[in-house]
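Visitor:
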Amino acid sequence: MDMFLPYIACLTFALALYAALRPSPITVRVGMIAVAVAAAGWLLGLVAGSLSAFADASQGVFFVIFSLCAIASALRMITHDQPIYSALFFVLVVIATAGLFVLLEAEFMAFALVIVYAGAILITYMFVLMLANQATSQDEPDTQAAYDRIPREPAAAVAVGFLLLCLISGTVIKGTDVSIPGNLPAPGNPQAQWATLEHLSVQFEREVAELDPDFAWPPVSDEAGNSIHIEGTEVFIIAEDGSTLVLPDSMLPRNTQQVGWSLVNDFPVSLELAGVILLMAMFGAAIIARRAIELGEQEKRRVLLGEVSKSEDLS
Amino acid sequence: MTSSALAGYLIVSGLLLVIGVVGFLVRRNLIVMFLCTELMFQGAAIAFIAMGRYLFDYSGQVMVIFILTVAAAEAALALALVVLMHRQGDSLDADAFAELTE
Chain A
1 MDMFLPYIAC LTFALALYAA LRPSPITVRV GMIAVAVAAA GWLLGLVAGS
51 LSAFADASQG VFFVIFSLCA IASALRMITH DQPIYSALFF VLVVIATAGL
101 FVLLEAEFMA FALVIVYAGA ILITYMFVLM LANQATSQDE PDTQAAYDRI
151 PREPAAAVAV GFLLLCLISG TVIKGTDVSI PGNLPAPGNP QAQWATLEHL
201 SVQFEREVAE LDPDFAWPPV SDEAGNSIHI EGTEVFIIAE DGSTLVLPDS
251 MLPRNTQQVG WSLVNDFPVS LELAGVILLM AMFGAAIIAR RAIELGEQEK
301 RRVLLGEVSK SEDLS
Chain B
1001 MTSSALAGYL IVSGLLLVIG VVGFLVRRNL IVMFLCTELM FQGAAIAFIA
1051 MGRYLFDYSG QVMVIFILTV AAAEAALALA LVVLMHRQGD SLDADAFAEL
1101 TE
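Residue numbers (our numbering), protein chains in the order written: chain A, 1 to 315; chain B, 1001 to 1102.
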């Protein structure tokens, strides 16, 4: 029976989503969204077990708050009649996701997400929405375009979503079950994180000098070229005169440094390609959305005869 | 980070992905459809970062930087198309795109 509980949660979620997508009074739809969020919370509880799965209880509480907030606003986003409100609810999703990123110790990505998504991409969406949407008012819902008020019949889409959700949750539950031997790879070693510090040699030297001004720089490196040695929980470096210096955990490069190092060291070509993609997208957008200038009969004749002067041409 | 916590994050990412897929299939407004693709990107980003955190590997976060790049490029191109559509047909109905095949 325990095996089927997650799938029952998925089914509840899908049914509530279906009811929320049907055209019905606003209170019914919001209620159905609440049911769907409750089902999602149930699914999370079944999968993650209890708050003790997290480093400390407050982290678990924040995880629940942020994830349910993200799911609730995502649901409201796809059920709201007015595209503007959909975009605003998406901002809420982005901010809740940024909260999850902070919990995952990915501070740089959290801030980048808020700046790039909520700040730049969503503003672009808002611009186009304002440009393209006819003025609507809450009092007269009929002024809204029919394609906003009446969505497609959601049965097939929700069925697809239900199957996808079952597949994902089934895979996650099986894949993270530690009772199955050899299931999860052992978490990575901190060696790789310390290795970044060795590459940031200026910072490395400065921090060692701050820690122990008498330490004879540079430290001795082994055959593999690593000068930072790890034995158990001890991390230390050895000077040429044989004295050792234990490095505290606070010397580990911060998240932003690690990401930056990984970006330029492991993915330099992808970084260049990303730049090219952005440039091409900019050209593409400019060319697609360019408005051809309509010339009247008279202007056409004057252009043909070459009578247009420079100043007129610009106007 | 325990594997149960990882499972929790992966389920959240899966839920966001599923909501995005359903929204993409159900909504008829082009702009909202593109917003739903952004929602799917969010789900993928959470999965990447959670796995990266679990494995102590920063490549996960680098992938999210590339996701942001692709999302920005997609938004620029898609919105340019939407503006073009709106100029021609004064409508944001996705079904109106069928007329382009004539």
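Yeah, the Cβ is synthetic: ideal placement off N, Cα and C, and Gly gets one too.
Source: prediction; values computed, not measured.
Cβ of B/S1013 within 7 Å of any heavy atom in the ligand NAP?
Guide: Although the ligand NAP was asked about, the structure shown includes no ligands whatsoever.
Visitor: Give a yes or no on whether the minimum CB-CB distance between B/Q1088 and chain A is below 8 Å.
Guide: So no, B/Q1088 is outside the interface.
Visitor: What does B/T1037 touch in chain A if you count any residue whose Cβ is under 8 Å from its own?
Guide: What B/T1037 touches in chain A: nothing, since even the nearest Cβ is about 11 Å away.
Visitor: Between the segment 1021 to 1040 of chain B and the segment 1049 to 1069 of chain B, do three or more beta carbon pairs fall short of 8 Å?
Guide: Not touching, per the Cβ criterion.
Visitor: Evaluate contact between the segment 1047 to 1066 of chain B and the segment 96 to 104 of chain A, counting only Cβ atoms and requiring at least three cross-stretch pairs below 8 Å.
Guide: Result yes; three or more Cβ-Cβ pairs closer than 8 Å.
Visitor: Please determine, among B/N1029, B/L1006, B/M1001 and B/C1036, the residue with the shortest C-alpha to C-alpha distance to A/A74.
Guide: When each option's Cα is compared against that of A/A74, the closest is B/C1036.
Visitor: So what does DSSP say about A/I228, is it helix, strand or coil?
Guide: DSSP places A/I228 in coil when its eight states are reduced to three.
Visitor: Determine, using beta carbons only, whether A/P316 and A/L129 come nearer to each other than 8 Å.
Guide: Only positions 1 to 315 of chain A appear in this structure, which leaves residue 316 of chain A out of reach.
Visitor: What residue from A/A48, A/R29, A/A39 and A/I26 has the CA that sits closest to A/V178's CA?
Guide: It is A/A48 whose Cα lies nearest to the Cα of A/V178.
Visitor: Please go through the same chain and pick out, in chain order, the residues whose beta-carbon is closer than 6 Å to the beta-carbon of A/L51, but skip the five residues on each side of it.
Guide: Excluding sequence neighbours, A/L51 sits near A57 and G60.
Visitor: Using a Cβ cut-off of 8 Å, pull out every chain A residue sitting near B/A1073, in sequence order please.
Guide: The contacting residues are I277, L278, M280 and A281.
Visitor: Considering only DSSP beta bridges, list what B/V1021 is partnered with.
Guide: B/V1021 pairs with nothing; no bridge assigned.
Visitor: Which value, in whole angstroms, describes the spacing of the CA atoms of A/L21 and A/E198?
Guide: If you take the alpha carbons of A/L21 and A/E198, they lie about 55 Å apart.
Visitor: Using the beta-carbon of each residue, which ones in chain A are nearer than 7 Å to B/A1005?
Guide: Going along chain A in sequence order, the residues near B/A1005 (Cβ under 7 Å) are A48, A53 and F54.
Visitor: Quick check on the burial criterion: 16 or more other C-beta atoms within 10 angstroms. Buried or exposed for B/G1089?
Guide: Classification for B/G1089: exposed.
Visitor: Between A/D148 and chain B, is any beta-carbon pair separated by less than 8 Å?
Guide: True, the Cβ-Cβ gap to chain B drops below 8 Å.
Visitor: Can you pull the chain A residues whose beta carbon is under 7 Å from the beta carbon of B/A1050, in chain order?
Guide: Here the neighbours are L104.
Visitor: Please report how far the alpha carbon of A/I65 lies from the alpha carbon of A/G225, in whole angstroms.
Guide: So the alpha carbons of these two residues sit roughly 46 Å apart.
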